[in-house]
Amino acid sequence: MRVHLVNPSHVSFGIAVITPRWLYVLAAATPAKWGDPALVDETLEVFDPSTIGSGDIVGIGIHTGNALRGYEVGRAARERGAWVVFGGIHATLYPDEAHDLGGAHAVVKGDGDLAWGRVLDDCANGTLERIYEAGRVPADYFLRARWDLLPRDRYMWASVQTVRGCPKHCSFCSVWRTDGQEPRQRGVDAVVAEIVDLRRLGFRFIALADDNFYPVTLEDLRMAARREDKTRLHELEALRAERFELMDRLARLPKDMVFYTQITMEAAEDTEFLAAMKRGHILGALVGVESVTAEGLKDIYKGFNAAGDELVAQLRKFREHGVHVLGSFIFGLPSDRPDTFDATVALADKADITFAQFVMLTPFPGTLDFAKWEKENSGADQHVDGIPVTRHWLIPRARRPKVYVPHPVMSAEEIRRRTQAVWDQFYSLPRVWARSKVVRSIKARLAFVLISKLYRQMYANTGISTDSARHESATRWARLIAKPCRRLFAAAPMPELEIPSA
Ligand code: SF4
């Protein structure tokens, strides 16, 4: 009776960019009496059902993007006689779907850190429940991932979580509804210990895989200070102080370490925070820019972001303080017009952002956008292969439309084509070469070009393209350059590295 954990993916590159952290956290949640679980990350290689024996237990974690593949894996495992258990955001939202389509015996809703051990025991005792309400685990119970099980030389970046939850409420995002709006911040010692584990193994690039690394803004503090009751103010100040404590500890790790995180743009006005990030080697951040216009931000309840020239100034602030920005932009917002696409590329150039991603507005389950769109379309007779578009993740990938939300002036195909063109412009060789000035030597600049191209192949040509030849060639190309790219990120292991003291 062996435990298997599978991270499904419809495409395998042989080398992956970031470690799928949940696999290693659930491995840590697997009690020792079960032995080490077998971990399969399909972004590396395809799951092989013949490895599953009758009576084994197979845990599959899914988000909306990989749910369909996850269901294939679940059915294949069940056919082999295994117990099949689903978890992850999508299974939390649609537990019945995992039962109906994925061959599930059980579904864990919410965080698996504590529930997984119980599920395994129930499996052994024949008392497996259909649904486990695991809820949100307090930060003190977040587990230290089993990085000792990581395959060698397959990942470019490792990932460590420092906080779950986000206080914002963007309409296209499910994080604040699933992980909650109250930040659950992990203790500094636990985070640093895990990072040291990874540096010992030879990872010097680590993603702080947080919903929002900056959960307390200066504005939050100002608002709390205005209240007569100072309890909230003190809570927020304590959370903020812990962030600084963490960054101070990161600053005492080996100098070659580089961290990357996800942050809201409001951090631009908090120069003390940006300076601490730089000292702590947090040299890159994904910033959800979303739209370059005030109307676009209003469309998605993201009024706290700046637009136009103020946006350029804010994004530049990150760079001025030594934090590189991966700007994330959404196209297809109701107020977008054909000229929004060029305006976005121009702004990205002007704002000195180092990397960018351009996604199309997609109503993802768990978001406000989805709830509204599903309601509006529930009576509509829009189906592909008999599947309603309101369940778009169940449509086979090759036949799945790329845009779902009707736009007032542009067709879905026009939005897709223009988005693809923006990727092509932003990642054109002359532009990438110009941006590569952020590093000094020619060797480093060539590495920058290689990584930019890999990023674009993995995310644009395999995600947006409807042209299957372009899709296949992008996958082949990404496989080819992934290996040399990984070597650029690797460092010599430091098995003797000590945990810096508090
Ligand atoms: S998009 Fe970012 S800022 Fe908005 S709710 Fe999601 S995690 Fe928070």
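Taken in order, the sequence shown gives residues 1 to 502; the numbers are from the working numbering. For glycine and all other residues, C-beta sits at the position ideal for the given N, C-alpha and C.
Residue j beta carbon less than 9 Å from that of residue i
i       : j       : result
Asn-7   : Asp-48  : no
Tyr-24  : Leu-149 : yes
Gly-59  : Gly-87  : yes
Glu-290 : Ile-282 : no
Ala-238 : Ala-267 : no
Phe-205 : Val-258 : yes
Ala-38  : Arg-2   : yes
Val-323 : Met-277 : yes
Ile-52  : Leu-120 : no
Ala-134 : Val-108 : yes
Ser-335 : Val-359 : no
Ala-207 : Tyr-260 : yes
Leu-347 : Val-312 : yes
Glu-129 : Ala-98  : no
Residue i CB to nearest heavy atom of the ligand SF4 below 8 Å
i       : result
Gln-262 : yes
Cys-485 : no
Lys-302 : yes
Asp-309 : no
His-545 : Nothing in the structure corresponds to residue 545, since the chain is present only between 1 and 502.
Gly-288 : yes
Thr-172 : It is Phe, not Thr, that sits at residue 172 in the sequence shown. Yes, the Cβ of Phe-172 comes within 8 Å of a heavy atom of the ligand SF4.
Val-175 : yes
Asp-270 : no
Asn-212 : yes
Cys-123 : no
Beta strand (DSSP E) segment containing residue i, residue limits
i       : result
Ser-452 : Ser-452 -> not in any beta strand (DSSP E); alpha helix (DSSP H) instead, spanning 442-456.
Asn-377 : No beta strand (DSSP E) holds Asn-377; the alpha helix (DSSP H) holding it covers 368-377.
Gln-262 : 258-263
Ile-282 : 282-290
Met-360 : 355-360
Lys-109 : 106-110
Leu-23  : Per DSSP, Leu-23 belongs to no beta strand (DSSP E); it is in the alpha helix (DSSP H), 21-29.
Tyr-132 : 131-135
Asn-7   : 3-7
Trp-433 : Taken as a continuous stretch (DSSP letters only), Trp-433 belongs to no beta strand (DSSP E), being part of the alpha helix (DSSP H) at 429-435.
Val-216 : Note, Val-216: premise wrong, no beta strand (DSSP E); not H, not E.
Ala-207 : 205-208
Ile-18  : 16-18
Phe-86  : 83-87
Start and end residues, alpha helix (DSSP H) containing residue i
i       : result
Val-191 : 188-201
Trp-176 : 175-178
Val-73  : 67-79
Pro-95  : 95-101
Gly-296 : 294-299
Local conformation of residue i per DSSP, three classes
i       : result
His-324 : strand
Met-223 : helix
Ser-159 : strand
His-234 : helix
Gln-420 : helix
Gly-35  : coil
Ala-383 : One point to set straight first is that residue 383 is His, not Ala, in the sequence displayed. It is a strand residue.
Phe-142 : coil
Ile-415 : helix
Ala-351 : coil
Asp-41  : strand
Phe-304 : coil
Arg-118 : helix
Pro-401 : coil
Ile-52  : coil
Val-154 : Residue identity differs from the one stated: residue 154 is Arg in this sequence, not Val. Note: Arg-154 maps to coil in three-state DSSP.
His-185 : Note on identity: in this sequence residue 185 is Gln, with His being the wrong assignment. If DSSP states are grouped into helix, strand and coil, Gln-185 belongs with the strands.
Ile-57  : strand
Arg-164 : strand
Pro-493 : coil
Ile-582 : The shown model of the chain, from 1 to 502, leaves out residue 582, and the question about it has no answer.
Pro-408 : coil
Pro-514 : Absent from the structure is residue 514, since the part of the chain shown begins at 1 and ends at 502.
Val-312 : helix
Phe-426 : helix
Option nearest residue i by Cα separation, candidates the options
i       : options                               : result
Trp-373 : Ala-307, His-392, Ser-452 and Phe-355 : His-392
Trp-423 : Arg-399, Lys-453 and Met-410          : Lys-453
Ala-482 : Pro-493, Pro-500, Tyr-455 and Ala-502 : Tyr-455
Val-73  : Leu-101, Arg-232 and Asp-96           : Leu-101
Gly-110 : Asp-339, Met-494 and Ile-62           : Ile-62
His-4   : Arg-440, Leu-429, Pro-408 and Ala-77  : Ala-77
Thr-293 : Phe-331, Glu-320 and Glu-269          : Phe-331
Gln-357 : Ala-275, Tyr-459, Gln-382 and Leu-450 : Tyr-459
Ser-501 : Cys-485, Trp-83 and Ala-193           : Ala-193
Gly-165 : Val-188, Arg-136 and Glu-310          : Arg-136
Tyr-427 : Ala-158, Val-438 and Val-449          : Val-449
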